[in-house]
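A.B. asks:
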Amino acid sequence: MQKIKSLMTRQGLKSPQESIHDLSPPENFRIPSKEELRELREQPTDPQAQQEIINSIEEIYFSNDSFDIVKYELEKLPAVLSLQELEEYRDKLKQQQAAVSKKVADLILEKQTAYVKELERVTSLQTSLQLAAVICTNGRRHLNTAKEGFTQASLGLLANQRKRQLLIGLLKSLRTIKTLQQTDVRLSEMLEEEDYPGAIQLCLECQKAASTFKHYSCISELNSKLQDTLEQIEEQLDVALSKICKNFDINHYTKVQQAYRLLGKTQTAMDQLHMHFTQAIHNTVFQVVLGYVELCAGNTDTKFQKLQYKDLCTHITSDSYIPCLADLCKALWEVMLSYYRTMDWHEKYDHGESPSSSDGNNILDTEETNFDRSYVKKKLEHGLSRIWQDVQLKVKTYLLGTDMSNFKYDDFIFVLDIISRLVQVGEEFCGSKSEVLQDSIRKQSVNYFKNYHRTRLEELRMFLENETWELCPVKSSFSILQLHEFKFIAQSRSPTVSPSKQPALETEDLTLFEQYRNGGNPFEIQANNKDDETEDVLASNGYESDEQEKSAYQEYDSDSDVPEELKRDYVDEQTGDAPVKSVSRETLRSRKRSDYCLNKVNAPILTNTTLNVIRLVGKYMQMMNILKPIAFDVIHFMSQLFDYYMYAIYTFFGRNNTFESTGLGLSSSRLRTTLNRIQESLIDLDVSSDVAGTLTAVEERKEKVPMPHLSHLVVLTSSNSLYGLAERVVATESLVFLAEQFEFLQSHLDAVMPPAKKPFLQQFYSQTVSTASELRKPIYWIVAAKAIDYEQMLLLMANMKWDVKEIMSQHNIYVDSLLKEFEQFNKRMNEVSKKVRIPLPVSNILWEHCIRLANRTIVEGYANVKKCSNEGRALMQLDFQQFLMKLEKLTDIRPIPDKEFVETYIKAYYLTENDMERWIKEHREYSTKQLTNLVNVCLGSHINKKAKQKLLAAIDDLDRPKR
1 MQKIKSLMTR QGLKSPQESI HDLSPPENFR IPSKEELREL REQPTDPQAQ
51 QEIINSIEEI YFSNDSFDIV KYELEKLPAV LSLQELEEYR DKLKQQQAAV
101 SKKVADLILE KQTAYVKELE RVTSLQTSLQ LAAVICTNGR RHLNTAKEGF
151 TQASLGLLAN QRKRQLLIGL LKSLRTIKTL QQTDVRLSEM LEEEDYPGAI
201 QLCLECQKAA STFKHYSCIS ELNSKLQDTL EQIEEQLDVA LSKICKNFDI
251 NHYTKVQQAY RLLGKTQTAM DQLHMHFTQA IHNTVFQVVL GYVELCAGNT
301 DTKFQKLQYK DLCTHITSDS YIPCLADLCK ALWEVMLSYY RTMDWHEKYD
351 HGESPSSSDG NNILDTEETN FDRSYVKKKL EHGLSRIWQD VQLKVKTYLL
401 GTDMSNFKYD DFIFVLDIIS RLVQVGEEFC GSKSEVLQDS IRKQSVNYFK
451 NYHRTRLEEL RMFLENETWE LCPVKSSFSI LQLHEFKFIA QSRSPTVSPS
501 KQPALETEDL TLFEQYRNGG NPFEIQANNK DDETEDVLAS NGYESDEQEK
551 SAYQEYDSDS DVPEELKRDY VDEQTGDAPV KSVSRETLRS RKRSDYCLNK
601 VNAPILTNTT LNVIRLVGKY MQMMNILKPI AFDVIHFMSQ LFDYYMYAIY
651 TFFGRNNTFE STGLGLSSSR LRTTLNRIQE SLIDLDVSSD VAGTLTAVEE
701 RKEKVPMPHL SHLVVLTSSN SLYGLAERVV ATESLVFLAE QFEFLQSHLD
751 AVMPPAKKPF LQQFYSQTVS TASELRKPIY WIVAAKAIDY EQMLLLMANM
801 KWDVKEIMSQ HNIYVDSLLK EFEQFNKRMN EVSKKVRIPL PVSNILWEHC
851 IRLANRTIVE GYANVKKCSN EGRALMQLDF QQFLMKLEKL TDIRPIPDKE
901 FVETYIKAYY LTENDMERWI KEHREYSTKQ LTNLVNVCLG SHINKKAKQK
951 LLAAIDDLDR PKR
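The numbering of the sequence shown is UniProt numbering, which starts it at 1 and goes up by one.
1. Could you pull out every unbroken alpha helix (DSSP H) segment of at least 4 residues lying fully inside the segment 696 to 761, listed in chain order?
2. With three or more C-beta pairs closer than 8 Å as the rule, is the segment 706 to 723 touching the segment 762 to 777?
3. Grouping DSSP H, G and I as helix and E and B as strand, with all else coil, what is Val537?
4. Would the beta-carbon of Phe901 fall within 8 Å of that of Glu917?
5. Please classify Glu467: is it buried, with 16 or more other beta-carbons within 10 angstroms of its beta-carbon, or exposed?
6. Indicate, with yes or no, if the ligand GTP has a heavy atom lying under 7 Å from the CB of Val70.
7. Please name the residue in Asp643, Met753 and Lys757 whose C-alpha comes closest to that of residue 966.
8. Among the candidates Cys203, Gln257, Ile250 and Asn247, whose CA atom is the shortest distance from the CA of Gln232?
9. If you measure between the beta carbons of Leu818 and Met800, is that distance less than 8 Å?
10. DSSP three-state call for Val134: helix, strand or coil?
11. Look up Asp684 in the DSSP assignment and give the residues it is bridged to.
12. Compare the C-alpha of Gly519 against each of Gln165, Lys246, Gln810 and Asp915 and name the closest.
13. Taking its Cβ as the centre, do 16 or more other Cβ atoms sit within 10 Å of Tyr292, making it buried, or is it exposed?
14. With distances taken Cα to Cα, identify the nearest neighbour of Gly383 among Cys430, Tyr409, Ile649 and Asn406.
15. Under 8 Å by Cβ, that's how I've got Leu538 and Val474 pegged, so tell me the actual separation to the nearest angstrom.
16. Within 8 Å, do at least three Cβ pairs link the segment 781 to 789 to the segment 749 to 762?
17. Here's the rule I'm using: 16 or more other beta-carbon atoms within 10 Å means buried, otherwise exposed. How should Arg162 be labelled?
18. Over what stretch of residues does the alpha helix (DSSP H) that includes Ile54 continue unbroken?
19. Following the continuous alpha helix (DSSP H) through His276, name the residue where it begins and the one where it ends.
20. Locate the alpha helix (DSSP H) running through Leu512, then write down its first and last residues.
21. For Val474, which residues does DSSP report across the bridge?
22. Here's the rule I'm using: 16 or more other beta-carbon atoms within 10 Å means buried, otherwise exposed. How should Ala114 be labelled?
23. Considering just the uninterrupted stretch of the alpha helix (DSSP H) at Gly401, what are its terminal residues?
24. Using a Cβ-Cβ cutoff of less than 7 Å, which residues in the same chain neighbour Phe764 once the five nearest sequence positions on both sides are dropped?
25. Return the chain-ordered list of same chain residues with a C-beta closer than 7 Å to the C-beta of Asn612, the five sequence neighbours on each side being excluded.
26. Is it the case that the Cβ atoms of Val815 and Asp750 are separated by a distance below 8 Å?
27. Tell me whether Cys868 is buried or exposed, calling it buried when 16 or more other Cβ atoms sit within 10 Å of its Cβ.
28. Which residue's Cα is closest to the Cα of Lys827: Leu471, Ser420, Val865 and Ser719?
29. Nearest to Leu761 by CA position, among Lys777, Arg776, Leu775 and Phe742, is which residue?
30. Would you check if the distance between the CB atom of Thr402 and the CB atom of Tyr309 is smaller than 8 Å?
31. Span of the alpha helix (DSSP H) holding Met793?
32. Whole-angstrom Cβ separation of Tyr260 and Thr342, contact assumed at under 8 Å?
33. Whose C-alpha, out of Ala240, Glu514 and Gln622, is nearest the C-alpha of Glu193?
34. What is the DSSP secondary structure of Asn144, counted as helix, strand or coil?
35. Near Ala739, what residues of its chain come up, given a Cβ to Cβ distance below 6 Å and the 5 sequence neighbours on each side ignored?
36. What do you get for Pro522, buried or exposed, if any count of 16 or more other CB atoms within 10 angstroms of its CB means buried?
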């Protein structure tokens, strides 16, 4: 110990007692700088070699501090000294010293930071000790002064004052405790007033105050009671939150959100809210359906309450199906509207400011609430699809729980109307395409529509078989848009659903949620006023009123009112050819006046069956417009209506196996293809056969309809009625009118047709609808073929003598006979036109057929001639020119059909051998018989036998397809 003191004395250090007031390091003590230590440390040495040098140092050097190194080294010297050995040993000792110094420098540098911190702590401790010494000194001085200056009385006063202060604090604490114990009553009042934020705020303040006085034994029980009260408030708050799901109230929801924010459970509240919405959807639909099931059952048996919702839906009757569906959608709308208004609240008010409420509180806005708002926003956005998915599944279960195949059309349309509105709600609610809802209603629609369409086709067959093809008296201004079934085209919303209580102009740009946010419901059932409306489409007594008739008569009775195109020379209405012959103004006025007198007005020609088909089309389009996913099925069925009607007209009035034998090209390949397609795909030709067969065959039979049969009341064989011309006109023109209506509806159909199925629609119009007017030719050809006695004309021509020697100035009598037939035909047409207006295209086709048949009969008569002179050929030309001249007075058709057919054949008599051979090859419209006769008649005049054989061989080699 003495050595240590002496060492401290030599180093200039103080004793521990002396260093209490001065702990600063000695003056000659210097900490090596980091630069010095780093310089020493960074000397280029090999770490392994350095460690080997340190390891070579003798252990005795590390024994203790009292070891005398100099004495030890001197004792180690040998008796005889060698300078070289000493220098080598000295160098070794220097290397060891350098290695040790390097190692020490490394260690010091590593501990430099800790050393500096410890030195700072020692310095701080020194300062604290000095301050403590000062405080102790002052305290002892003050105590000494108090001991000398205070008396016992003054100390008593101080003690009493201290007690007074303690008692005042105790009284204040007791008053606070009393107030805390009376908070139960106020909390109950606030909960009854639904002032949840105030109740929670009061409860939290009470808990804070209770923690201050927890040293009192009575407070521990109160604190537990406050905690129970807070939990009770949370339970009531959860109940209050659930009320938002059905009837959103902005003030109520504001209080609830403030309360949850005070509790710090904003995220929990949002999780709970979504659970409540899910539960509200389930409970709502169950209660609505249960109410109708119990009402239908006539009792409130608890067995229905135990059923699952899916099973409960199967107990809904057809009578209560629509009211229940409407109430179901109304209830679900209220839930979705509440969710929409909840999101709207967070969008508008959840930014640090709240809408004014009864208590005037504002929503807190802190960093924590900003995080909560982000969570709430994402949760609400994600919840949109979940809520809508739940709604879809509930409605889907209800839709598929009942077989609607036997519903009335109007009822089913109403169902589609409601679902269409619900789909619109879903699209506005969360942008969903409502695939689940669309798929379920599509299944029901296709199932219903197949049965409905099958029944309608059977009804159409019954209508067609009982149709007498009388004219249905409609006004000249008739349009299908005047029918109830087509009113939806002009209306943006269905009449069965209330669009809004506001004017249309104010609501057309608003979503349903914006329109009905303040009241009302888009699924409210409105009284259907369809029965109160009247369709003003039928003409009185089958014609327009007398005033309209008189006006129509006078319209064409004055020159000024005759259209300019009718005042000019005749122009072909179909080809637009140049004028051939002038038609007098009086003739035009007379013809038009006659047309109006006989037919009253230019009203559409249609039958009751046609009107029924048009109404069916309107109903089909209503269903398609409401539910676009079944558009292809509906349009396909609509096309079958048209196909069946067209095939019936063809079967009744146009089927004739001699069409193509005439060479007139009465039916185009497109028309034949269309009729064959309809027959194969739609017509059940073998009704009486056994129904047994494969399932596929049975299904195919179900898709087909038996071929219709013409009513026995319709007579088509009487010459007095021109072989049923009136019925043919009504039937054919009603088909043309129906085709025109389909053309009018094409844009509407194309708008709803799926893009992948549009080729079907285009094909239907190009190959079926457009061919309807082509049926005029084969149908009216039958009338034209029977109205004129062409056989009688052939007999008269056969009795004519054509090998005359003189040029005749008078035509043959067969021309007069033929012209009389045409005059008689014209009179009978006029008689028919008194019953049914014959449109100009029909009149033109009839005249065209008759003239074509007459001209071909003339050629056939000329082809029967055995002998013919040049004078006879001149007589043929004279007869034909006489026929043409008088025919042009009977008809306005220009040019005369097949005029060149006759003239070319007559002129062929004058051809030379070479010209005739070329002519035969170029004119294949003539039959083999006609060409052969031409060659035979020319034999001997300017054709020899060798040429005849050559020409006949050319005729035989020709493959002559008929025109």
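Glycine is no exception: its CB is placed at the ideal position from the N, C-alpha and C atoms.
C.D. replies: If we stick to the structure as given:
1. 725 to 744 and 746 to 752
2. no
3. For the purposes of this step, residue 537 is taken as the residue at position 537 of the sequence shown. The answer is coil: DSSP assigns Val537 none of H, G, I, E or B.
4. Residue numbering aside, residue 901 sits at position 901 when the sequence shown is read from its first letter. Residue numbering aside, residue 917 sits at position 917 when the sequence shown is read from its first letter. No, the Cβ-Cβ distance between Phe901 and Glu917 is not below 8 Å.
5. Stepping through the sequence shown from its first residue, residue 467 is reached at position 467. It counts as buried.
6. As for the ligand GTP, it is missing from this structure, which has no ligand bound.
7. Nothing about residue 966 can be reported from this structure: the residues present for the chain run from 1 to 963 only.
8. Taking the sequence shown and counting its residues from 1, the one referred to as residue 232 is at position 232. Checked all of Cys203, Gln257, Ile250 and Asn247; the closest Cα to Gln232 is Cys203.
9. Start at 1 with the first residue of the sequence shown, and residue 818 comes out as number 818. Start at 1 with the first residue of the sequence shown, and residue 800 comes out as number 800. Taking 8 Å as the Cβ cut-off, Leu818 and Met800 do not qualify as a contacting pair.
10. Stepping through the sequence shown from its first residue, residue 134 is reached at position 134. Helix, per DSSP.
11. Taking the sequence shown and counting its residues from 1, the one referred to as residue 684 is at position 684. Its beta-bridge partners are Pro706.
12. Position 519 of the sequence shown holds residue 519. Considering only alpha carbons, the answer is Lys246.
13. Locating residue 292 in the sequence shown gives position 292, where the first residue counts as 1. By the neighbour-count rule (16 or more Cβ atoms within 10 Å), Tyr292 is buried.
14. Translated into positions along the sequence shown, residue 383 becomes position 383. Looking at the Cα atoms, Cys430 is the closest of the given residues.
15. Mapped onto the sequence shown, residue 538 falls at position 538. Mapped onto the sequence shown, residue 474 falls at position 474. Yes, they are in contact, since the Cβ atoms of Leu538 and Val474 sit about 6 Å apart, within 8 Å.
16. no
17. In the sequence shown, residue 162 corresponds to position 162, counting from 1. Exposed, because fewer than 16 other Cβ atoms sit within 10 Å of the Cβ of Arg162.
18. Here residue 54 corresponds to residue number 54 of the sequence shown, with the count starting at 1. Residues Pro47 to Asn55.
19. Position 276 of the sequence shown, counted from the start, is the residue given in the question as residue 276. Segment Thr266 to Ala297, the alpha helix (DSSP H) holding His276.
20. Counted from its first residue, the sequence shown places residue 512 at position 512. Leu512 to Gln515 is the span of the alpha helix (DSSP H), which, as asked, contains Leu512.
21. Indexing the sequence shown from 1 puts residue 474 at position 474. Beta-bridge pairing links Val474 to Leu538.
22. As a working mapping, residue 114 is identified with position 114 in the sequence shown. When all chains shown are included, Ala114 counts as exposed.
23. As a first step, residue 401 is located in the sequence shown; it is residue number 401 there, counting from the start. Unbroken run through Gly401: none, as it is neither H nor E.
24. The residue you call residue 764 lines up with position 764 of the sequence shown. Closer than 7 Å at the Cβ level, and outside the excluded window around Phe764, lie Ser639.
25. What you label residue 612 is simply residue 612 of the sequence shown in a count that begins at 1. Cβ neighbours of Asn612 beyond the five flanking positions: Phe463.
26. By 1-based counting over the sequence shown, the position of residue 815 is 815. By 1-based counting over the sequence shown, the position of residue 750 is 750. Not in contact: Val815 and Asp750 (Cβ atoms no closer than 8 Å).
27. The count along the sequence shown starts at 1 and reaches residue 868 at position 868. Classification for Cys868: buried.
28. Translated into positions along the sequence shown, residue 827 becomes position 827. Ranking the options by Cα distance to Lys827, first place goes to Ser719.
29. In the sequence shown, counting from the first residue as 1, residue 761 sits at position 761. Checking every option, the nearest Cα to that of Leu761 belongs to Phe742.
30. By 1-based counting over the sequence shown, the position of residue 402 is 402. By 1-based counting over the sequence shown, the position of residue 309 is 309. No, they are not a contact pair.
31. As a working note, residue 793 is residue 793 in the sequence shown. Unbroken alpha helix (DSSP H) run through Met793: Tyr790 to Ala798.
32. In the sequence shown, residue 260 corresponds to position 260, counting from 1. In the sequence shown, residue 342 corresponds to position 342, counting from 1. Tyr260 to Thr342, Cβ: 13 Å. No contact.
33. As a working note, residue 193 is residue 193 in the sequence shown. With distances taken between Cα atoms, Glu193 lies closest to Ala240.
34. Along the sequence shown, one-based indexing puts residue 144 at 144. Correct three-state label for Asn144: helix.
35. Here residue 739 is taken as the residue at index 739 of the sequence shown, counted from 1. Result list for Ala739: Val769 and Ala772, in chain order.
36. Residue 522 sits at position 522 when you count from the first residue of the sequence shown. Looking at its Cβ environment, which holds 16 or more other Cβ atoms inside 10 Å, Pro522 is buried.
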